[in-house]
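Chemist: The sequence shown begins at 332 in the working numbering and counts up one residue at a time. All C-beta atoms in this analysis are idealised placements derived from N, C-alpha and C, irrespective of residue type, glycine included. Computed from a predicted model, the values in this text were never measured in an experiment. Quick one: structure below, then a few questions.
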Amino acid sequence: MSVNHFKDKLALKGLKVTPQRIAILEAVHDLNHPTAEKVIGYIREKYPNIATGTVYKVLEVLVENDLIKKVKTDKDIMRYDGIMKSHHHLYSSDSKRIEDYFDDELNLLLKNYFEKKDINGFTIEDVKVQLIGKFKEKDLF
Ligand SMILES: [Zn+2]
Numbered sequence: 332m333s334v335n336h337f338k339d340k341l342a343l344k345g346l347k348v349t350p351q352r353i354a355i356l357e358a359v360h361d362l363n364h365p366t367a368e369k370v371i372g373y374i375r376e377k378y379p380n381i382a383t384g385t386v387y388k389v390l391e392v393l394v395e396n397d398l399i400k401k402v403k404t405d406k407d408i409m410r411y412d413g414i415m416k417s418h419h420h421l422y423s424s425d426s427k428r429i430e431d432y433f434d435d436e437l438n439l440l441l442k443n444y445f446e447k448k449d450i451n452g453f454t455i456e457d458v459k460v461q462l463i464g465k466f467k468e469k470d471l472f
């Protein structure tokens with residue numbers, strides 16, 4: 332995705348378009364579900380002097396404006412996701428790897444299932460499935 336694409340995303344949300352915000356948004360998209368530390372490392376190649384606090388603040392602003400999402404791992408490590416389309420995750424049980432999993436058939440199945448269930452006093456807004464297992468190819472992470 333181009334820099335202009337990220338500029339548009341920020342502008343559409345009425346956010347001030349700054350080089351740091353663009354770079355951080357881009358980093359979350361380029362890296363695979365990065366932690367804040369990973370984002371900071373990546374950003375510092377371009378902006379060596381950017382403060383850690385700034386990166387955390389920008390990440391928070393991006394989350395609040397639905398430009399990125401937080402993904403929590405079972406080890407409670409916060410990671411970030413640039414894909415806003417509803418999707419599930421594949422978690423490696425022996426590494427830190429997380430991959431996106433898209434499955435419209437599963438989404439439909441879950442939607443129909445919970446519509447029938449009609450859980451008392453609870454309105455479902457989203458269902459996320461965490462699949463935990465091992466990737467066949469050797470983990471690179
Ligand atoms: Zn994801």
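1) Would you call the CB atoms of Pro315 and Tyr411 closer than 7 Å?
2) Pull up the DSSP beta-bridge partners for Ser423, would you.
3) Return helix, strand or coil for Lys448, following the three-state DSSP convention.
4) How about Ala354 and Lys340: are their beta carbons less than 7 Å apart?
5) Grouping DSSP H, G and I as helix and E and B as strand, with all else coil, what is Asp457?
6) Going by the beta-carbon positions, is the gap between Lys465 and Ser424 smaller than 7 Å?
7) Could you tell me the alpha carbon to alpha carbon distance between Tyr373 and Ala358, rounded to whole angstroms?
Modeler: In brief:
1) Absent from the model: residue 315. The displayed extent of the chain is 332 to 472, so no value can be given.
2) Gly464
3) helix
4) no
5) coil
6) yes
7) 7 Å
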